[in-house]
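Numbering (my numbering), first residue to last: 390 to 548. Everything on this sheet refers to the single structure shown next.
See the structure below:
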């Protein structure tokens with residue numbers, strides 16, 4: 390019997406690697422558990438990219454697209470949100486939707502903190518996942534506030 394289609398993770402709450410190889414105790418604890426993770430992509434808008442100084446814009450776009458593709462391949466839910474994408478912050482990256490067609494988009498009306506938007510929080514809760522991964526974004530405040538609020542609400546924030 391082939392293990393090619395069998396996940397190395399099982400939803401057992403332990404995040405252990407189940408690949409038939411003997412691992413040291415605790416092996417896999419530091420890995421992302423795709424059975425209990427939701428990717429939150431916050432404000433990946435072209436107008437905000439001009440503020441990014443620690444990475445080239447092309448690399449930021451490629452990294453974000455790769456994260457969306459990973460989510461698709463691993464069956465990880467993706468929630469994308471933006472604050473007024475038809476305003477000065479500019480439109481969303483179309484590559485994200487192309488790479489993760491299963492994503493759920495939640496619009497915001499100007500809130501900097503996505504967690505202040507009830508529809509966004511509802512979408513996160515409805516996934517049933519407890520580990521939120523706030524993929525690389527263009528403005529640290531836009532992830533810090535919702536990460537702190539998500540943690541206070543009982544979620545684990547991977548990054």
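For each residue, glycine too, the CB sits at the ideal point set by N, CA and C. Since the structure is predicted, the reported quantities are computational estimates derived from the model, not experimental observations.
Mapping DSSP to helix, strand and coil, what is residue i?
i           : result
residue 421 : coil
residue 505 : helix
residue 493 : strand
residue 537 : helix
residue 409 : coil
residue 402 : coil
residue 396 : coil
residue 532 : helix
Ends of the beta strand (DSSP E) at residue i?
i           : result
residue 483 : Unbroken run through residue 483 is the alpha helix (DSSP H), 483-488; no beta strand (DSSP E).
Just to check my reading of the structure: residue i and residue j have Cβ atoms closer than 8 angstroms, yes? What is that Cβ distance to the nearest angstrom?
i           : j           : result
residue 522 : residue 437 : The Cβ separation is near 20 angstroms, so there is no contact.
residue 400 : residue 424 : 4 angstroms
residue 473 : residue 498 : 7 angstroms
residue 431 : residue 496 : Not confirmed; about 12 angstroms, so no contact.
residue 516 : residue 485 : Not really, about 17 angstroms apart at Cβ, beyond 8 angstroms.
residue 512 : residue 493 : 5 angstroms
residue 435 : residue 479 : 4 angstroms
Give the DSSP bridge partners of residue i, in chain order.
i           : result
residue 429 : 468, 523
residue 545 : 520
residue 439 : DSSP lists no partner for residue 439.
On the DSSP letters alone, give me the boundaries of the alpha helix (DSSP H) that residue i sits inside.
i           : result
residue 461 : 446-463
Compare the C-beta of residue i against all C-beta atoms of chain D and say whether one is closer than 9 angstroms.
i           : result
residue 426 : Looking at the structure shown, chain D is missing, and only one protein chain is on hand.
Run the proximity test for residue i: is its beta-carbon closer than 8 angstroms to any non-hydrogen atom belonging to the ligand ZN?
i           : result
residue 476 : The ligand content of the structure shown is nil, which means the ligand ZN is not present either.
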